[in-house]
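Notes to accompany the following structure.
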DNA sequence: ACTTTCACTTGCTTTTTGCAAGTTAAATAT
DNA sequence: ATATTTAACTTGCAAAAAGCAAGTGAAAGT
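Protein chains in written order, with my numbering: chain Z, 285 to 420; chain X, 285 to 420.
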């Protein structure tokens, strides 16, 4: 798990992956607008890193060529169970969590189904974006 | 999950929690000896932080008062499913992972049982340590 | 043509990390 | 009893990273 620590054992990489996997964010502008307030230079740096480590793929928007979107690879999507595990943890220990209480119940009742639901969400968001679909 | 990012969205906090939850490490010296090579000042700083955020409790060893051990709280232990999720991910995407291949299989076949096994491991390690046991 | 949007870059200050050495208390050896 | 070693930090400083504000350049909209 040293490899994992290198990839998302860093506040901003962690936040970006969370935003892509759980909050449907895909565009540079979306990431920039996150509540955490990432600096533009750090954001650019992390997007490059995540691309280099095969977590995201960069695409210029087909309709509007000044926009750039970042899509999660299969490698990134495979982190979904881990991130959902953290989300469950948040519902229990983070007083300010935004995760709905119903989420933890749903996950406990049917983890596999809940993961599948989030996977489908990722596909749904990707489909709405004017960029090539993901393999896998 | 902003709270989560604040607590272990940092390489060293992440590594320390992993070592406590997955590798049975409890003593300052154990953490220092980890392959990642954490600096002593950073280690001290992170141990304080993790104590402040209620992830670890600090205890002076009963037999040898020059040694200090850090035990995971229930709050930290509740991260076990998430960390095991990352470990599963590592078996798939980290070429240099130390996690045995058998682990991923075991986890997929029986996640609940695998988590329980690691919980029991934590208890077993804690029991060998000359410090007060953790409240459940 | 002019302005705006969008995705970055650049330069600079502040914060954090990494490294080496030092300190303090307790245990062990002499 | 004294000296050495073990163990857990602390301190000081240089290097790296992060945060901030402003700037750049391509593409869109007006």
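Even for Gly, the Cβ is constructed at its ideal location relative to N, Cα and C. As the structure is a prediction and not an experimental result, all values here were calculated from the model.
Minimum Cβ-Cβ distance from residue i to chain Z less than 7 Å
i: residue 418 of chain X; result: Bear in mind that a pLDDT of 46 at residue 418 of chain X, under 50, signals an unreliable position, so the model cannot answer this.
i: residue 365 of chain X; result: yes
i: residue 369 of chain X; result: yes
i: residue 339 of chain X; result: no
i: residue 386 of chain X; result: no
i: residue 328 of chain X; result: no
i: residue 409 of chain X; result: no
i: residue 299 of chain X; result: yes
i: residue 333 of chain X; result: no
i: residue 323 of chain X; result: no
i: residue 310 of chain X; result: no
Under 7 Å between C-beta atoms of residue i and residue j
i: residue 409 of chain Z; j: residue 313 of chain Z; result: no
i: residue 414 of chain Z; j: residue 345 of chain Z; result: yes
i: residue 292 of chain Z; j: residue 301 of chain Z; result: yes
Sheet register partners of residue i (DSSP bridge)
i: residue 355 of chain Z; result: Z:341
i: residue 294 of chain Z; result: X:294
i: residue 311 of chain Z; result: Z:353
Rounded C-alpha distance that separates residue i from residue j
i: residue 338 of chain Z; j: residue 355 of chain X; result: 35 Å
i: residue 376 of chain X; j: residue 402 of chain Z; result: 20 Å
i: residue 310 of chain X; j: residue 412 of chain Z; result: 48 Å
i: residue 406 of chain X; j: residue 361 of chain X; result: 9 Å
i: residue 328 of chain X; j: residue 289 of chain Z; result: 19 Å
i: residue 340 of chain X; j: residue 315 of chain X; result: 13 Å
i: residue 318 of chain X; j: residue 297 of chain Z; result: 23 Å
i: residue 334 of chain Z; j: residue 342 of chain Z; result: 10 Å
i: residue 363 of chain Z; j: residue 294 of chain Z; result: 15 Å
i: residue 336 of chain X; j: residue 358 of chain X; result: 14 Å
i: residue 353 of chain Z; j: residue 404 of chain X; result: 44 Å
i: residue 374 of chain Z; j: residue 287 of chain X; result: 8 Å
i: residue 396 of chain Z; j: residue 331 of chain Z; result: 29 Å
i: residue 285 of chain X; j: residue 368 of chain Z; result: 10 Å
i: residue 389 of chain X; j: residue 347 of chain Z; result: 44 Å
i: residue 420 of chain X; j: residue 370 of chain Z; result: Low confidence applies here, because residue 420 of chain X scores a pLDDT of 44, under 50, leaving its location unreliable; read the following figure in that light. Computed Cα separation, rounded: 20 Å.
i: residue 351 of chain X; j: residue 325 of chain X; result: 17 Å
Buried versus exposed, by CB contacts within 10 Å (16 or more), residue i
i: residue 398 of chain Z; result: buried
i: residue 392 of chain X; result: exposed
i: residue 381 of chain X; result: buried
i: residue 299 of chain X; result: buried
i: residue 349 of chain Z; result: exposed
i: residue 394 of chain Z; result: exposed
i: residue 365 of chain Z; result: buried
i: residue 386 of chain Z; result: exposed
i: residue 379 of chain Z; result: exposed
i: residue 372 of chain X; result: buried
i: residue 400 of chain X; result: exposed
i: residue 321 of chain X; result: exposed
i: residue 323 of chain X; result: exposed
Any chain X beta carbon closer than 7 Å to residue i
i: residue 358 of chain Z; result: no
i: residue 400 of chain Z; result: no
i: residue 378 of chain Z; result: yes
i: residue 295 of chain Z; result: yes
i: residue 315 of chain Z; result: no
i: residue 393 of chain Z; result: no
i: residue 318 of chain Z; result: no
i: residue 350 of chain Z; result: no
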